[in-house]
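All remarks here apply to the structure that follows.
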């Protein structure tokens, strides 16, 4: 399990660093999750997301699942669907969920120690309801060690149909003022269309 997780996180961090022509000071631990109810629908943002490609990590090790990359004029998103070779309880209720979530934060901090990022500021942890699912979310302000560029990254993690569903959304810093609405809008539409199967060349857009 630890080997699978280490390999998956290594792939995740590489994906985060591979921005579409670009690229999340003071490292810190996440605080306890703050629960919030699902808010009323916000006006459409007008952001159009383009499906770019998909990657399978199953050939490397069973349980690592797949990822799908989407890009827009404001940022990029990697959608991960994986099960770590076990069936997970829904939402954030699985006994191993919190440990897994915190390990994703620790991996970012290790990336700073290893020189991938010059710094990583970890924001608060909170639970949010999106499209009927409870996601645990955390934000990062990352500064890339190679070119000094900063970007804001947001992780949303939940369990859906027995598998872990993770959204890693990244924006050149500073992120748009309505970033929470942009993130929620993308996740809502992606969950409806099915995160396991990308939309191909069609665009996810506001209506």
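Residue numbers (our numbering): -17 to 189.
Built from N, CA and C at the ideal position, the CB exists for glycine as well.
| field | contact_flag[the stretch 26 to 46, the stretch 138 to 145] where n(CB pairs < 8 Å) is 3 or more | value | no
| task | Evaluate residue 180 with the Cβ neighbour count: other Cβ atoms within 10 Å of its Cβ, from every protein chain shown; 16 or more gives buried, anything less gives exposed. | result | As a working note, residue 180 is residue 198 in the chain shown. By the 10 Å Cβ count, residue 180 comes out buried.
| said: Using 8 Å as the cut-off, can you tell me whether the stretch 161 to 179 makes contact with the stretch 112 to 121, which would need three or more C-beta pairs spanning the two stretches below that distance? | reply: yes
| field | Separation of residue 178 from residue 101, as counted between CA atoms | value | As a first step, residue 101 must be located in the chain shown, where it is residue number 119. As a first step, residue 178 must be located in the chain shown, where it is residue number 196. Their Cα atoms are separated by approximately 32 Å.
| task | Report the three-state DSSP secondary structure of residue 85 (helix, strand or coil). | result | Along the chain shown, one-based indexing puts residue 85 at 103. It is helical.
| said: Quick check: is the beta carbon of residue 62 nearer than 7 Å to any beta carbon in chain D? | reply: No chain D is present in this structure, which holds just one protein chain.
| message | Given a cut-off of 7 Å on the beta-carbon distance, is the pair residue 134 and residue 117 in contact? | response | Here residue 134 refers to the residue found at position 152 of the chain shown. Here residue 117 refers to the residue found at position 135 of the chain shown. Against a cut-off of 7 Å, the Cβ pair of residue 117 and residue 134 comes out as no contact.
| Member of 155, 104, 106, 97 whose CA lies at the smallest distance from the CA of residue 128 | Counted from its first residue, the chain shown places residue 128 at position 146. Closest by alpha carbon: 97.
| First through last residue of the beta strand (DSSP E) which encompasses residue 43 | Translated into positions along the chain shown, residue 43 becomes position 61. Residue 43 -> no beta strand (DSSP E), and no H or E assigned at all.
| request: Reducing DSSP to helix, strand and coil, say where residue 11 ends up. | output: Position 29 of the chain shown, counted from the first residue, corresponds to residue 11. Low local confidence applies: a pLDDT of 47 at residue 11 is under 50, so the model's placement there is unreliable, with the coordinate-based value given in what follows. Residue 11: coil per DSSP, three-state reduction.
| message | Please state the DSSP three-state secondary structure of residue 175. | response | As a working note, residue 175 is residue 193 in the chain shown. Three-state result, residue 175: helix.
| said: Do residue 63 and residue 43 count as a contact pair if the criterion is CB distance below 7 Å? | reply: The residue labelled residue 43 in the question sits at position 61 within the chain shown. The residue labelled residue 63 in the question sits at position 81 within the chain shown. Contact flag unset, no.
| said: Can you look up residue 129 in the DSSP assignment and give me helix, strand or coil? | reply: Residue numbering aside, residue 129 sits at position 147 when the chain shown is read from its first letter. Coil at residue 129, not helix or strand.
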